[in-house]
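Participant:
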Amino acid sequence: MATFTRTFPDGFIWGAATASYQIEGAHDEDGRSPSIWDTFSRTPGKVLGGDTGDVACDHYHRYAEDIALMSDLGLDAYRFSVAWPRVIPTGTGAVNRAGLDFYSRLVDGLLEHGIRPVVTLYHWDLPQSLDDRGGWLNRESARWFADYSAAVVGALGDRVSHWTTLNEPWCSSILSYAIGAHAPGHQDPLEAMVAAHHLMLAHGTAVPVIREHCPDAEVSITLNPSQVWGPEDGDERDADAVRRADNALNGLFFGPIFHGAYPDGFLDDTARLTDHAFIRNGDLSTMSAPLDNLGVNNYFPTRVRAARNGEESTNRMPGCSSVVETDPRPPLTDMGWEMSPESHRLILERSARESGLPIYITENGSAWPDTVSEDGEVHDPERVSYLHGHLEAVADAIENGVDIRGYFAWSLLDNFEWAYGYEKRFGIVHVDYDTLERTVKDSGREYARIIAEHHSR
Ligand code: IFM
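Residue numbering for the sequence shown follows our numbering, starting at 1410 and increasing by one per position.
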């Protein structure tokens, strides 16, 4: 195995990340109500193999074992999300103490092991009862989310200081309401724009609420920007395709959250769909509430070109009907995603420029078809190589002047990979879904070695 020798600044945080629906299981315990993912995963044809998160990694019952694993790996921090349907089963109104108590026990366990909890308030498991009221298409969702945030931060804010409002709002808007691959599975670019707007409004409405309940809070949002590349020999139509895709993937969130405005051209490009009446006075100033850091999840770049001579584009991202996504270039991960440390560095540099904030890489990792070998170990050299390449890119970005404060491997455990069910494995720890046994993979050991070396400096 190639050795990894780069060094990182003092105080750099090494962590791993998960999300509630992907690992917890216990879908109907202690008062949890169904989320849109319970509904979606039970809808035939939506999730590979008909998999659901009913049991997942059973983390709800095995969290103590999982904390011990994190401690063995030497993690400084653990990023997890809170399930809204556990905390407020009806979406709005009465708080369910038993649901909050689970997260309280988890936080206490982490702190006992010297592991910093980094909490995301929304990682896609909207209570189904709120979707029944329009979900993110309902402007009231901003208030619903702020009230839910108050309940969680009020209960955990004495022990948790690192708060993230939303995970990857691109996925909970574009992927969920335009592309339809995620819950609630709609296919309407206009709805996606409205959902994105309301998600950002919810984020901005919650920021002061979090600060009120936890005055020392470091407040952030996690975005999933992607470097967009066009053909090397492209013309101005391809350059326009890059611009449009970049707006729909990146500018749609960088603009309102960090610049108080939608990105140049976006409103014109989408004028065919809507008069944008959902954008009301004051919304952009709410959305651009000051933050303390930015979380960046990044896995792969995006390649596009312009549609040619009446060619039909199937691209459903708003403003992108003339944009064709082109094939990723090898090497590819098991998700078919291009492995490009260079694009990782570029997007970290861009994220810092756009936000003017310290950056945490809140997710990065790769899926491979791992199995437990006869020697009882999980040998995953591809994941080790992906890890090395992307940590090199992080070190390069830091050398280029980007203030990067930490890296969270996605994921601590193999887990429910949304529409792919349990087919794709992202963990640095293998999970046997029959026995729920955990086995640290070679990549987990290598990550632990890198962390130990950093700590010993
Ligand atoms: O599993 C997801 C996670 O929930 C959000 N970011 C990307 C990961 C890999 O697809």
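Yeah, the Cβ is synthetic: ideal placement off N, Cα and C, and Gly gets one too.
Would you list, in sequence order, the uninterrupted beta strand (DSSP E) runs of no fewer than 3 residues that lie entirely inside the stretch 1818-1860?
Facilitator: List check, beta strand (DSSP E) in window: 1838-1840 and 1847-1849.
Participant: What's the gap between the Cα of Gly1669 and the Cα of Asn1656?
Facilitator: Distance between the alpha carbons of Gly1669 and Asn1656 is about 15 Å.
Participant: Would you give the residue range spanned by the alpha helix (DSSP H) that Pro1778 belongs to?
Facilitator: Element bounds for Pro1778: n/a, residue is neither H nor E.
Participant: Shortest alpha-carbon distance to Cys1729 belongs to which of Asp1843, Glu1855, Gly1523 and Leu1661?
Facilitator: For Cys1729, the nearest C-alpha among the options comes from Leu1661.
Participant: What is the DSSP secondary structure of Tyr1671, counted as helix, strand or coil?
Facilitator: Reduced to three states, the DSSP call for Tyr1671 is coil.
Participant: With which residues is Thr1631 paired in a DSSP beta bridge?
Facilitator: Looking at the DSSP assignment, Thr1631 forms a beta bridge with Asn1576 and Gly1704.
Participant: Going by DSSP, what residues sit across from Pro1665 in a beta bridge?
Facilitator: Note: Pro1665 sits in no beta bridge, so no partner.
Participant: Can you list, in chain order, the residues of its chain whose CB lies under 7 Å from that of Leu1584, leaving out five sequence neighbours each side?
Facilitator: The answer, listed in chain order, is Ala1590 and His1591.
Participant: Using a threshold of 8 Å, state whether the C-beta atoms of Thr1848 and Val1787 are closer than that.
Facilitator: In contact: Thr1848 and Val1787 (Cβ atoms closer than 8 Å).
Participant: Run the CB neighbour count on Gly1785, radius 10 Å, all protein chains shown included, and call it buried at 16 or more, exposed below.
Facilitator: It counts as exposed.
Participant: Taking His1607 as the reference, which of Phe1687, Thr1501, Leu1800 and Ala1559 has the closest Cα?
Facilitator: Looking at the Cα atoms, Phe1687 is the closest of the given residues.
Participant: Taking Leu1478 as part of the alpha helix (DSSP H), name the residues at either end of that continuous run.
Facilitator: Taken as a continuous stretch (DSSP letters only), the alpha helix (DSSP H) holding Leu1478 covers His1468 to Leu1482.
Participant: If you count every other CB in all the chains shown that lies within 10 Å of the CB of Ser1581, and 16 or more means buried, which is it?
Facilitator: Classification for Ser1581: buried.
Participant: In terms of residue numbering, what span does the beta strand (DSSP E) encompassing Gly1424 cover?
Facilitator: Gly1424 -> beta strand (DSSP E) spans Ile1422 to Ala1426.
Participant: Could you check where the alpha helix (DSSP H) with Phe1554 kicks off and where it finishes?
Facilitator: It spans Ser1550 to Leu1565 - the alpha helix (DSSP H) in which Phe1554 sits, taken as one unbroken run.
Participant: From which residue to which residue does the alpha helix (DSSP H) around Leu1360 run?
Facilitator: The chain is shown only over 1410 to 1866; residue 1360 falls outside these bounds and no answer can be derived.
Participant: With hydrogens ignored, establish whether the beta-carbon of Glu1577 is closer than 7 Å to any heavy atom of the ligand IFM.
Facilitator: Glu1577: yes, Cβ under 7 Å from the ligand IFM.
Participant: Identify the continuous alpha helix (DSSP H) that holds Gly1520 and give its terminal residues.
Facilitator: Here residue 1520 is Leu; the residue named in the question, Gly, does not match the sequence. From DSSP, the alpha helix (DSSP H) with Leu1520 extends over Arg1506 to Glu1521.
Participant: Taking 7 Å as the cut-off, is the CB of Asn1659 close to at least one heavy atom of the ligand IFM?
Facilitator: Asn1659 Cβ: outside cutoff for every heavy atom of the ligand IFM.
Participant: Using 8 Å as the threshold, is the C-beta distance between Ser1442 and Val1491 below it?
Facilitator: Not closer than 8 Å, so no.
Participant: Going by the CB atoms, is the gap between Phe1663 and Glu1763 shorter than 8 Å?
Facilitator: Their beta carbons are under 8 Å apart, which means Glu1763 touches Phe1663 by this criterion.
Participant: Using DSSP's beta-bridge definition, name the partner residues of Ser1444.
Facilitator: For Ser1444, which the question treats as bridged, DSSP gives the partners Pro1536.
Participant: Are three or more beta carbon pairs between the stretch 1459-1474 and the stretch 1430-1440 nearer than 8 Å?
Facilitator: Yes, since at least three Cβ pairs between the stretch 1459-1474 and the stretch 1430-1440 fall closer than 8 Å, the two stretches touch.
Participant: Whole angstroms are fine: how far does the CA of Ala1555 sit from the CA of Ser1722?
Facilitator: If I take the Cα positions, the gap works out to 38 Å.
Participant: Just how far apart, CA to CA, sit Ile1813 and Glu1641?
Facilitator: About 30 Å.
Participant: Among Gly1440, Asp1439 and Val1456, which one has its Cα closest to the Cα of Trp1446?
Facilitator: It is Val1456 whose Cα lies nearest to the Cα of Trp1446.
Participant: Please report the distance separating the alpha-carbon of Gly1495 from that of Thr1427.
Facilitator: Looking at the sequence itself, residue 1495 is Arg, so the reference to Gly does not match. Between Arg1495 and Thr1427, the C-alpha separation is close to 17 Å.
Participant: Should Trp1423 be counted as a contact of the ligand IFM given a C-beta to heavy atom distance under 7 Å?
Facilitator: For the ligand IFM, not one heavy atom lies less than 7 Å from the Cβ of Trp1423.
Participant: Strictly by DSSP, which residues pair up with Thr1529?
Facilitator: Answer by DSSP bridge pairing, in chain order: Ser1490 and Thr1573.
Participant: Have a look at Ala1806 and Arg1506 and give me their C-alpha separation to the nearest angstrom.
Facilitator: Cα-Cα distance, rounded: 43 Å.
Participant: Is the beta carbon of Leu1599 less than 8 Å from the beta carbon of Ser1558?
Facilitator: Not in contact: Leu1599 and Ser1558 (Cβ atoms no closer than 8 Å).
Participant: Would you report the Cα separation of Met1726 and Val1705, rounded to the nearest angstrom?
Facilitator: Whole-angstrom Cα-Cα distance: 21 Å.
Participant: Work out the CA separation of Arg1525 and Asp1823 for me, nearest whole Å.
Facilitator: Distance between the alpha carbons of Asp1823 and Arg1525: 21 Å.
Participant: Rounded to whole angstroms, what is the Cα-Cα separation between Thr1414 and Arg1858?
Facilitator: Rounded to the nearest angstrom, the two C-alpha atoms are 11 Å apart.
Participant: Looking at the structure shown, is Thr1711 part of a helix, part of a strand, or coil, going by DSSP?
Facilitator: The answer is strand: DSSP assigns Thr1711 an E or B state.
Participant: Below 8 Å on the Cβ atoms is my guess for Ala1654 versus Val1637; work out the distance and round it to an integer in Å.
Facilitator: About 5 Å separates the two Cβ atoms, so the contact holds.
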